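Chemist: I have a structure I would like to understand better, so I am pasting it below and will then ask my questions one at a time.
Residue numbers (the numbering used here): 54 to 553.
In structure tokens form, the structure reads like this:
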């Protein structure tokens, strides 16, 4: 452990109410009531466009490597124009918008435009189009949702994927490089449409239960399943985050972020945090992979984030750059409120290296935070809003969320209920029925345990997946998640990951 003070942040008090259940289980909930929240996500866009029309909202690198961006006012106007174009084309709940490409300004504008007038948007993983040979998952999603409009930022890049789809009755929109032999519409044509009163009329009908997105996640069969994300889920979740992290409401957050908008971490937690709190999102075209992490490093040289979100592999790849380059390190930590990791356990050696870098820069440890949730929970169920000194703590229930913890195979299985939980799966009533228990709690499949059984406010420790654990011939249970983290810790820093 590093002997240095820890920075402080404006956190909500850490408190938990406990309700004991028959059979040894219990329910955890926050005593902090969830405050009123927006009825639809685009209320935030309209609000910031009115209050700070010239503040930068989204930015990305242009082909020459320069930053280009749009303000909140520009985003509002463009979203309304694109929304008009979607209405004129008859895009609906039953024939929604499908997005093939990665994060980008046009991608963000199209999503906001669709949601503004009650049209679901379906951002799919670019890997379905670019990494697959048979396009099996792409065809599955396409056939299930039957989109009226498909968007790919770079038409040539997605030409093979588009060619694998039956596009009869489907309009293809591209921002650049139209593919040969395929009739497409330029994104600029949508953005140049003059909005009419139809946009306002459609927007007035958008409410908390309107489907905003359909996010696809892999099921046990390997085929993606469509998770309905309503405006209630997205707006209530951002309100909960703002209550446990009030500092994000007092200084507009600045993110440098690569996390994909086709997944809930990047697309809901991070993007919506910027939208809800009037911040700026610098879209990072890098990724935690050889040949791409260098783009992330270059972006961090340019922009000092106030919050930095990543997965453990991402931290593993950028920490050496921070350790070797003092100027980069100092710039990275210059405005940083917190470092946040999720999606997997962060090895303790990485945690301590990040703290050491912070101490070398600022004389104090940076605040480390995490959370827990899923695509079905918009995503945050628990959040860390108290000091922690080790990885594995996923926080305590956020306002509005309830966690039922019940004994299961020697562990405590966690189930979730709250306004942030999905109503179900798109066109899969069978999966929806199976996903909830008799009390309406979503069966997420994860296990947890209390860091201090006598004080739930000390946080929940992630304890792996219930279904992944197995029993040896001796009768002893093997906890795969716990064993993986322990193996990495025992072999650190030589062992960076392990498969159990």
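Beta carbons are placed, not taken as given, at the ideal position from N, Cα and C, and that holds for glycine.
Note that the structure is a prediction, hence the values are computed from the model and not measured.
Please state whether DSSP places residue 542 in a helix, a strand or coil.
Modeler: Position 489 of the chain shown holds residue 542. Unreliable positioning characterises residue 542 in this predicted model, as indicated by a pLDDT of 49, which lies under 50. The coordinate reading is nonetheless provided below. Looking at residue 542 - three-state DSSP - the assignment turns out to be helix.
Chemist: Within the same chain, show all residues whose beta-carbon is closer than 8 Å to that of residue 479, passing over the 5 residues directly before and after it, in chain order.
Modeler: Numbered from 1 along the chain shown, position 426 holds the residue referred to as residue 479. Contacts found: 197, 198, 267, 278, 279, 280 and 281.
Chemist: Specify, as a first and last residue, the run of the alpha helix (DSSP H) that residue 189 falls within.
Modeler: Here residue 189 corresponds to residue number 136 of the chain shown, with the count starting at 1. Unbroken alpha helix (DSSP H) run through residue 189: 189-198.
Chemist: Under 9 Å, do residue 362 and residue 312 count as touching if we go by C-beta distance?
Modeler: Position 309 of the chain shown, counted from the first residue, corresponds to residue 362. Position 259 of the chain shown, counted from the first residue, corresponds to residue 312. Taking 9 Å as the Cβ cut-off, residue 362 and residue 312 qualify as a contacting pair.
Chemist: Suppose only complete runs of 3+ residues qualify. What are the beta strand (DSSP E) ranges in the segment 134-170, listed by chain order?
Modeler: Listed in chain order, the complete beta strand (DSSP E) runs (minimum 3 residues) inside the segment 134-170 are 150-152.
Chemist: Let me know the alpha helix (DSSP H) ranges lying completely inside the segment 358-424, each 4 residues or longer, listed in chain order.
Modeler: Runs of the alpha helix (DSSP H) inside the segment 358-424: 365-377, 379-386 and 401-415.
Chemist: Of the residues 430, 498 and 442, which one's Cα is nearest the Cα of residue 470?
Modeler: The residue you call residue 470 lines up with position 417 of the chain shown. Closest by alpha carbon: 430.
Chemist: What residues are listed by DSSP as bridge partners for residue 353?
Modeler: Position 300 of the chain shown, counted from the start, is the residue given in the question as residue 353. Answer by DSSP bridge pairing: none, since residue 353 is not bridged.
Chemist: Would you mind working out which of 399, 338 and 383 sits nearest residue 366, comparing C-alpha positions?
Modeler: As a working mapping, residue 366 is identified with position 313 in the chain shown. Taking only the C-alpha atoms, the option nearest residue 366 is 399.
Chemist: In angstroms, rounded to a whole number, what distance separates the CA positions of residue 62 and residue 420?
Modeler: Translated into the one-based positions of the chain shown, residue 62 becomes position 9. Translated into the one-based positions of the chain shown, residue 420 becomes position 367. Taking the straight line from one Cα to the other gives about 8 Å.
Chemist: Is the Cβ-Cβ distance between residue 192 and residue 217 less than 9 Å?
Modeler: Working through the chain shown from its first residue, we reach residue 192 at position 139. Working through the chain shown from its first residue, we reach residue 217 at position 164. Their beta carbons are under 9 Å apart, which means residue 192 touches residue 217 by this criterion.
Chemist: How would you write the range of the alpha helix (DSSP H) that residue 99 sits in, first residue to last?
Modeler: Within the chain shown, the letter at position 46 stands for residue 99. Here the alpha helix (DSSP H) through residue 99 covers 95-104.
Chemist: Could you pull out every residue in the same chain whose Cβ sits closer than 6 Å to the Cβ of residue 393, ignoring the five residues on either side in sequence?
Modeler: For the purposes of this step, residue 393 is taken as the residue at position 340 of the chain shown. Cβ neighbours of residue 393 beyond the five flanking positions: 362 and 422.
Chemist: With distances taken between CB atoms, is the gap from residue 263 to residue 118 smaller than 9 Å?
Modeler: Working through the chain shown from its first residue, we reach residue 263 at position 210. Working through the chain shown from its first residue, we reach residue 118 at position 65. Not a contact, by the Cβ cut-off of 9 Å.
Chemist: What does DSSP give as the partner residues of residue 278 in its beta bridges?
Modeler: Against the chain shown, residue 278 aligns to sequence position 225. Partner(s): 270.
Chemist: Cα-Cα, which of 307, 207, 486 and 124 is closest to residue 103?
Modeler: Numbered from its first residue, the chain shown carries residue 103 at position 50. With distances taken between Cα atoms, residue 103 lies closest to 124.
Chemist: How about the segment 172-188 and the segment 134-151: do they share at least three Cβ pairs that are nearer than 8 Å?
Modeler: Flag = yes, the segment 172-188 and the segment 134-151 touch.
Chemist: By Cβ distance, which residues of its chain are closer than 7 Å to residue 370, with the 5 residues on each side in sequence left out?
Modeler: Residue mapping note: residue 370 aligns to position 317 of the chain shown, counting from 1. Within the same chain, residue 370 has close Cβ partners 341 and 346.
Chemist: Do residue 211 and residue 183 have their C-beta atoms within less than 9 Å of each other?
Modeler: Locating residue 211 in the chain shown gives position 158, where the first residue counts as 1. Locating residue 183 in the chain shown gives position 130, where the first residue counts as 1. Closer than 9 Å, so yes.
Chemist: Tell me whether residue 133 is buried or exposed, calling it buried when 16 or more other Cβ atoms sit within 10 Å of its Cβ.
Modeler: The residue labelled residue 133 in the question sits at position 80 within the chain shown. Classification of residue 133: buried, given that the 10 Å Cβ count is 16 or more.
Chemist: So the alpha helix (DSSP H) residue 461 belongs to, where does it begin and stop?
Modeler: Numbered from 1 along the chain shown, position 408 holds the residue referred to as residue 461. Not the alpha helix (DSSP H): residue 461 falls in the beta strand (DSSP E), residues 455-461.
Chemist: With C-beta atoms as the reference, is residue 508 less than 9 Å away from residue 467?
Modeler: Within the chain shown, the letter at position 455 stands for residue 508. Within the chain shown, the letter at position 414 stands for residue 467. Their beta carbons are not under 9 Å apart, which means residue 508 does not touch residue 467 by this criterion.
Chemist: In whole angstroms, what separates the C-alpha of residue 379 from that of residue 338?
Modeler: Walking along the chain shown from the start, residue 379 turns up at place 326. Walking along the chain shown from the start, residue 338 turns up at place 285. Spanning the two alpha carbons is a distance of roughly 23 Å.
Chemist: Please list the terminal residues of the continuous beta strand (DSSP E) segment that includes residue 204.
Modeler: The count along the chain shown starts at 1 and reaches residue 204 at position 151. It spans 202-207 - the beta strand (DSSP E) in which residue 204 sits, taken as one unbroken run.
Chemist: Report the rounded CA-to-CA distance for residue 356 versus residue 388, giving the unit in angstroms.
Modeler: In the chain shown, counting from the first residue as 1, residue 356 sits at position 303. In the chain shown, counting from the first residue as 1, residue 388 sits at position 335. Approximately 10 Å, taken between the alpha carbons.
Chemist: Mark residue 546 as exposed unless 16 or more other C-beta atoms lie within 10 angstroms of its C-beta, in which case mark it buried.
Modeler: Your numbering for residue 546 matches position 493 in the chain shown. Caution is warranted here: a pLDDT of 49 is assigned to residue 546, below 50, making its placement in the model unreliable, and the coordinate value is therefore given only provisionally. With fewer than 16 Cβ atoms within 10 Å of its Cβ, residue 546 is classed as exposed.
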